[in-house]
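If you're matching positions, the sequence shown starts at 1 in UniProt numbering and goes up one per residue.
Just so you know, even glycine gets a beta-carbon here, dropped at the ideal spot from N, CA and C.
Note that this is a predicted model, so its numbers are computed, not measured.
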Amino acid sequence: MYQTPEDRPIYRLLTGKDDRAFCDRVSEALEQGWRLYGSPTISWDVENNCMKAAQAVVWHEADVVK
Numbered sequence: 001m002y003q004t005p006e007d008r009p010i011y012r013l014l015t016g017k018d019d020r021a022f023c024d025r026v027s028e029a030l031e032q033g034w035r036l037y038g039s040p041t042i043s044w045d046v047e048n049n050c051m052k053a054a055q056a057v058v059w060h061e062a063d064v065v066k
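Have a look at this one:
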């Protein structure tokens, strides 16, 4: 089994308001050793009147198939 930071699952979906804080979270994950998995997704959140973003990441040692 793979050892990830804070014993997280090997796959994570990062989500949040599409802003600097979200980009910082994705950048921090990459610095920790996660790698991008697929393309980011954005969607308009009508209730909160803002753009929301999502980016999947996988642990760098994980053998995953796209």
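Given a length threshold of 3 residues, each whole run of the beta strand (DSSP E) inside the UniProt domain "DUF1737" (10-58) is given here in chain order: 11-17, 34-36 and 41-45.
Rounded to whole angstroms, the separation of the alpha carbons of I10 and W59 is 5 Å. When DSSP states are grouped into helix, strand and coil, E61 belongs to the coil group. Pairing A29 with V57 gives a Cβ-Cβ distance under 9 Å. Its Cα nearest to that of S43, the residue K17 stands out among R25, K17, S27 and F22.
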